[in-house]
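Residue numbers (UniProt numbering): 1 to 127.
Each residue gets a CB set at the ideal place from its N, CA and C atoms; glycine is no exception.
Just so you know, these numbers come straight off a predicted model, no measurement behind them.
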């Protein structure tokens, strides 16, 4: 007995819609309960200040602890900032920096590349 083409198409469409629904729901929640989801602007500023200081003053592999203490956020967020892989090319200094944040038992880390700007600040490079 041969299946009707419309039934096959409808079955495939239904399966695809169901899969997309789950994928969409997953994508909306992928940051839920991660340290970055608890960060407020003042917390991001504290992390940025720590990163700027570390990039200016620490050697590759030398970690410094940071926290959001004093930012007014009721969720404690703490972690480390570690520079590495310093490269100087054509008068420009760039470094990878591992930023780690821990909140409510969850750990999250990022390793962007930052380059020193003419004004002295470090700026994350687009990947």
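In terms of residue numbering, what span does the alpha helix (DSSP H) encompassing residue i cover?
i, result
"residue 37", "35-38"
"residue 41", "41-57"
Output the distance between the C-alpha atoms of residue i and residue j, rounded to the nearest integer angstrom.
i, j, result
"residue 55", "residue 94", "9 Å"
"residue 117", "residue 123", "7 Å"
"residue 28", "residue 37", "The predicted model places residue 28 with a pLDDT of 48, which falls under 50 and marks its position as unreliable; any figure quoted below should be read in that light. Cα-Cα distance, rounded: 12 Å."
"residue 84", "residue 51", "12 Å"
"residue 61", "residue 86", "10 Å"
"residue 43", "residue 98", "17 Å"
"residue 75", "residue 49", "19 Å"
"residue 69", "residue 59", "25 Å"
"residue 120", "residue 103", "31 Å"
"residue 88", "residue 40", "34 Å"
"residue 90", "residue 57", "21 Å"
Determine the burial state of residue i: buried for a count of at least 16 other Cβ atoms within 10 Å of its Cβ, exposed for fewer.
i, result
"residue 66", "buried"
Which same chain residues, not among the five before or five after residue i, have their C-beta less than 6 Å away from its C-beta?
i, result
"residue 63", "80 and 82"
"residue 100", "79, 80 and 109"
"residue 113", "94, 96 and 125"
"residue 46", "68 and 71"
"residue 155", "Nothing in the structure corresponds to residue 155, since the chain is present only between 1 and 127."
In its own chain, which residues sit with a C-beta less than 8 Å from the C-beta of residue i, not counting the 5 before and 5 after it?
i, result
"residue 13", "Model confidence at residue 13 stands at a pLDDT of 49, short of 50, so the residue's coordinates are unreliable and nothing is read from them."
"residue 92", "115 and 116"
Grab me the residues of residue i's own chain with a C-beta within less than 7 Å of its C-beta, minus the 5 sequence neighbours each way, in chain order.
i, result
"residue 34", "106 and 108"
At what residues does the beta strand (DSSP E) containing residue i begin and finish?
i, result
"residue 102", "92-103"
"residue 81", "78-89"
"residue 109", "106-110"
Using a Cβ-Cβ cut-off of 8 Å, state whether residue i counts as contacting chain C.
i, result
"residue 105", "The structure shown contains no chain C; it holds only a single protein chain."
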